Amino acid sequence: MEEKKLDLNSIIGFILIFGILIWIMYSQQPTPEELESQKQEEAAKIEADKKAEAEKQKETLVTTPKDFSNVPANDSLQRIALQNKLGSFAYASTLPSASGGETVVENEVLALKFNNRGGHLSEVRLKQFVNYDKDPIYLVKDGNSSFNINFGTTDNRTLNTKDQPFQSKVTKNGDNTVVSMKLKVSETQFLEYRYELKPNDYMIDFTIRSQGLDNVINGSQDINLDWTQKGYRHDKSITYENRYTRLTYQHEGDKIDKLSQLSDDEEIEANVDWLSYRQHFFSSILVPDAPFKTASLISKDLIEDADVDTVYTKQYTSKLPLEFKAGEINAPMGLYYGPTDSKVLKTYEKNLEESIPFGWGIFGWINKAIFIPLFGFLSSFLPYGLAIIVMTILVKMLLSFVQYKQFLSQAKMKILKPELDAIRAKHKDNKLKAQQETMALQNKAGASPLSGCLPGLMQIPVFYALFMFFPTAFDLRQKSFLWVDDLSSYDIIYEFPPGFSIPLYGDHISLFPILAAIAIFFYMKMTTGQQMASQPTQEGMPDMGKMMKYMIYFSPLLMLFFFNQYASGLSLYYFISNLISIGIMLVIKNYIIDEEKVLAKIQVSKAKPKKENRFQRKMKEMMEQAEQQKQAQQKKNKK
């Protein structure tokens, strides 16, 4: 193929064409006289358009502003446009604050910024805390929160305060800092947000009030306070944090309810005393002096993919009605921005600590009455990891009698096993007779399978209470122990390469769940062996034995997977707890329970006449009735 190149003639041609174009553009420029004439024509056209627009505005003007004294006289067009757009609240847009800006105040624990447009908090930073990356904790920042009052006006407009300019003023009330944000109709007529920040306090006194707006606000329409906020991620695992992020509220006296933990949810409630936008260890809480008559509450889960959705956890929205009494709004309340710490929340005496998920019923009572005070006392003079270990020892000592009762019951059943096997062999064709003689022997000997099960059931409330306590214990947040840097989150000894994760297990390996799984394996191996040795031989027992053997391996595996992404403080507790249980069991077996003495007591008990209790008599009657019905049915079938 021939190669194409520019020759000398082509270059000369391009230069000539370029020169001609330059000459044409220069020759087409207007003369100075033509430019001056063009400017005069444009100025005349602009002036004519202004006059036409002014005439049009005058024709459509419905109401007049109450006070435009601060507006320059030559801004009549601006005044008229604002009046038509905003009605009575047009005055606010003529003030210096209309240009926006922020008002900044702080105390020892909070750093606050108020946006002059909208009048509400645009930034809330908790000064004493940092997140998992050591960055400051923000509850409000970069537009994640919206606070708006929506109402109708007497001139048939709808006003949203979040779009309006408020005039700010900062004053002192003793040691307190007062921020007044006013949306003005005139200098004496306004809607005000009043914030009072006290020293070293997370609760802000907040009042919404109006003055002189009885002929401006349409009281026949609803006046709603809309509060929306998206929760920022603060913990190492956004999935784990989202599990404890929930909209919680108190209503109708002392009822505590929550929106869904794992999905989108909404609810309409009456007489709401307070509502909490809980973000695991931090909360934004609105506390009215008088309950909201109704509240429309919405929670939306923002995490669809934890690898992609890494900034926000949930979005909360509340629509709350404000009362319009005697032609004015007056709604005093409190705004809490701070830690979800039961000790702090309890100081406000509003039952706010109930926003923390301690567990329902008896489980919550155990946490509030026992574990929270006990751990608070221990951690006041011990490192937090050691406080967990000491608390574990105290709990196991308290429950050691339960373990003793279980082991004693199993020992009795083991001693009776030969006699129970003989009864089953003797009455292998009459199961009812075998059951009756078995119950009679167990009753005389003072041994029953139920006596071993019931003490075990007593441990379930303690187990579940601690399961709820450790993930919500604010005191454990960012407290280190051994290789763990945060006892309120999982520990990591190895992190998988980016993008790699084991389903249900996670993207890392935690050591404490491994240690807890090993301890529970050996404990179950000991207890299961004891239980199998005490069980009488009967049909179906080999399958039961297999199931119990499977449980020895299944339970530690469940512990290993389930607890890998839970609080390391919880895994530490179960590790120590199972070690202590193994020790207690060895002591009871080798030093406390003497099987020969137990056998001697059984023989004495068997020799004594034993009166059947009501339950035993009832069971015996039911078994006899069942046997009679069975025999009657067999006779009927033979006929």
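Quick note: the sequence shown uses the UniProt record's numbering, first residue 1, plus one each step.
Beta carbons are placed, not taken as given, at the ideal position from N, Cα and C, and that holds for glycine.
In this text the structure is predicted, and so the values were computed from the model without any measurement.
* Asked: Alpha carbon to alpha carbon, what distance is there between Leu399 and Gln459?
  -> To locate residue 459, count along the sequence shown from 1; it is residue 459. To locate residue 399, count along the sequence shown from 1; it is residue 399. C-alpha separation (whole angstroms): 8 Å.
* To do: May I have the straight-line CA-CA distance separating Asp309 from Asn218, to the nearest angstrom?
  => As a working mapping, residue 309 is identified with position 309 in the sequence shown. As a working mapping, residue 218 is identified with position 218 in the sequence shown. Computed Cα separation, rounded: 42 Å.
* Three-state class that DSSP yields for Tyr566 in the structure shown -> Here the question's residue 566 lines up with position 566 in the sequence shown. Correct three-state label for Tyr566: coil.
* Using the C-alpha atoms, what's the distance from Ile518 back to Met203? -> Along the sequence shown, read from residue 1 onward, the residue named residue 203 stands at position 203. Along the sequence shown, read from residue 1 onward, the residue named residue 518 stands at position 518. The alpha-carbon atoms of Met203 and Ile518 are separated by roughly 46 Å.
* **Helix, strand or coil at Trp483 [DSSP, three-state]** => For this step, residue 483 is matched to residue 483 along the sequence shown. Trp483 falls in the coil class under three-state DSSP.
* Where DSSP assigns a beta bridge to Thr294, which residues make up the other side? -> Within the sequence shown, residue 294 is the residue found at index 294, counting from 1. Among the bridge pairs identified by DSSP, Thr294 is matched with Ala270.
* Under 6 Å Cβ to Cβ from Val62, same chain only, skipping five residues before and after it: list those, please. => Numbered from 1 along the sequence shown, position 62 holds the residue referred to as residue 62. Here the model assigns Val62 a pLDDT of 34, short of 50, so the residue's position is not dependable, and the following value carries that caveat. So no residue of the chain qualifies.
* Asked: How long is the line joining the alpha carbons of Val462 and Ile509, rounded to whole angstroms?
  -> Here residue 462 refers to the residue found at position 462 of the sequence shown. Here residue 509 refers to the residue found at position 509 of the sequence shown. Going by the C-alpha atoms only, they are around 27 Å apart.
* **Residues that Ser180 bridges to, as DSSP identifies them** => For the purposes of this step, residue 180 is taken as the residue at position 180 of the sequence shown. In DSSP, Ser180 forms a bridge with Lys169, Arg194.
* To do: Could you tell me how far apart the beta carbons of Lys134 and Glu123 are, in whole angstroms, since I believe they sit closer than 8 Å?
  => Within the sequence shown, numbered from 1, the residue matching residue 134 stands at position 134. Within the sequence shown, numbered from 1, the residue matching residue 123 stands at position 123. Contact doesn't hold; Cβ gap of about 19 Å is too wide.
* Would you grab the beta carbon distance between Leu286 and Leu297 for me? Rounded to a whole angstrom, and I think it's under 8 Å. => Sequence index remark: in the sequence shown, residue 286 carries index 286 (1-based). Sequence index remark: in the sequence shown, residue 297 carries index 297 (1-based). That belief does not hold up - the Cβ atoms of Leu286 and Leu297 are roughly 11 Å apart, past 8 Å.
* Asked: Helix, strand or coil: how does DSSP classify Asn215 here?
  -> The residue labelled residue 215 in the question sits at position 215 within the sequence shown. DSSP places Asn215 in coil when its eight states are reduced to three.
* Paired residues, beta bridge with Ile204 - DSSP -> Reading the sequence shown from its first residue, position 204 is the one you call residue 204. Beta-bridge pairing links Ile204 to Leu197, Leu335.
* Asked: Hey, how far is the Cα of Asn578 from the Cα of Ile584?
  -> Indexing the sequence shown from 1 puts residue 578 at position 578. Indexing the sequence shown from 1 puts residue 584 at position 584. In a straight line, the C-alpha of Asn578 is about 10 Å away from that of Ile584.
* Boundaries of the alpha helix (DSSP H) in which Glu241 is found, first to last residue -> What you label residue 241 is simply residue 241 of the sequence shown in a count that begins at 1. Run containing Glu241: 238–243, per the alpha helix (DSSP H) assignment.
* Please find out if some non-hydrogen atom of the ligand GDP comes closer than 7 Å to the beta-carbon of Ile362. => In the structure shown, the ligand GDP is absent, as is every other ligand, since no ligand is present at all.
* Option nearest Leu302 by Cα separation, candidates Ser260, Asp273, Ile329 -> Counted from its first residue, the sequence shown places residue 302 at position 302. The residue with the shortest Cα to Cα distance from Leu302 is Ser260.
* Should Asp264 be flagged as near chain B, meaning a C-beta pair shorter than 8 Å? -> In summary, chain B is missing from the structure at hand, where a single protein chain is found.
* Out of Ser145, Gly143, Arg125, Asp142, point me to the one whose CA is closest to Pro136's CA. => The count along the sequence shown starts at 1 and reaches residue 136 at position 136. Checked all of Ser145, Gly143, Arg125, Asp142; the closest Cα to Pro136 is Arg125.
* To do: Go through its chain and collect everything with a Cβ distance to Lys525's Cβ below 7 Å, but skip five positions before and after it.
  => For the purposes of this step, residue 525 is taken as residue 525 along the sequence shown, with counting starting at 1. Hits under 7 Å: Ile552.
* Who are the Cβ neighbours of His251 in its own chain at under 6 Å, not counting the five residues just before and after it? -> Your numbering for residue 251 matches position 251 in the sequence shown. Cβ within range, chain order: Glu269, Asn271, Val272.
* Would you call the CB atoms of Thr248 and Ser355 closer than 8 Å? -> Mapped onto the sequence shown, residue 248 falls at position 248. Mapped onto the sequence shown, residue 355 falls at position 355. Between Thr248 and Ser355, the gap from beta carbon to beta carbon is short of 8 Å.
* Residues in its own chain within less than 6 Å of Glu324 by CB, not counting five upstream and five downstream? -> As a working mapping, residue 324 is identified with position 324 in the sequence shown. Contrary to the premise, residue 324 reads as Phe rather than Glu in this sequence. Contacts found: Gly219, Ile223.
* To do: Please say whether Ser488 and Leu476 have beta carbons closer to each other than 8 Å?
  => To locate residue 476, count along the sequence shown from 1; it is residue 476. To locate residue 488, count along the sequence shown from 1; it is residue 488. Yes, these two residues count as a Cβ contact at 8 Å.
* To do: Quick one: give me the first and last residue of the alpha helix (DSSP H) that Gly385 is part of.
  => Counting from 1 along the sequence shown, the entry for residue 385 is found at position 385. Here the alpha helix (DSSP H) through Gly385 covers 384–398.
* Asked: Per the contact definition of three or more C-beta pairs closer than 8 Å, is the segment 192–202 in contact with the segment 174–183?
  -> Taking a contact to require three or more Cβ pairs closer than 8 Å, the segment 174–183 and the segment 192–202 qualify as touching.
* C-beta contact flag for Leu382 and Phe470 at 8 Å -> In the sequence shown, residue 382 corresponds to position 382, counting from 1. In the sequence shown, residue 470 corresponds to position 470, counting from 1. Taking 8 Å as the Cβ cut-off, Leu382 and Phe470 do not qualify as a contacting pair.
* Asked: Taking just the CA atoms, how far does Tyr312 sit from Glu267?
  -> Taking the sequence shown and counting its residues from 1, the one referred to as residue 267 is at position 267. Taking the sequence shown and counting its residues from 1, the one referred to as residue 312 is at position 312. The straight-line gap from Cα to Cα measures roughly 22 Å.
* To do: Go ahead and label Gly174 buried or exposed: buried means 16 or more other beta carbons lie within 10 angstroms of its beta carbon, across all protein chains shown.
  => Taking the sequence shown and counting its residues from 1, the one referred to as residue 174 is at position 174. Gly174 should be labelled exposed.
* Straight-line Cα distance separating Asn215 from Phe190 -> The sequence position of residue 190 within the sequence shown is 190, counting from 1. The sequence position of residue 215 within the sequence shown is 215, counting from 1. Distance between the alpha carbons of Phe190 and Asn215 is about 12 Å.
* Taking the alpha-carbon positions, what's the Glu353 to Lys198 distance? -> In the sequence shown, residue 353 corresponds to position 353, counting from 1. In the sequence shown, residue 198 corresponds to position 198, counting from 1. Cα to Cα, Glu353 sits roughly 21 Å from Lys198.
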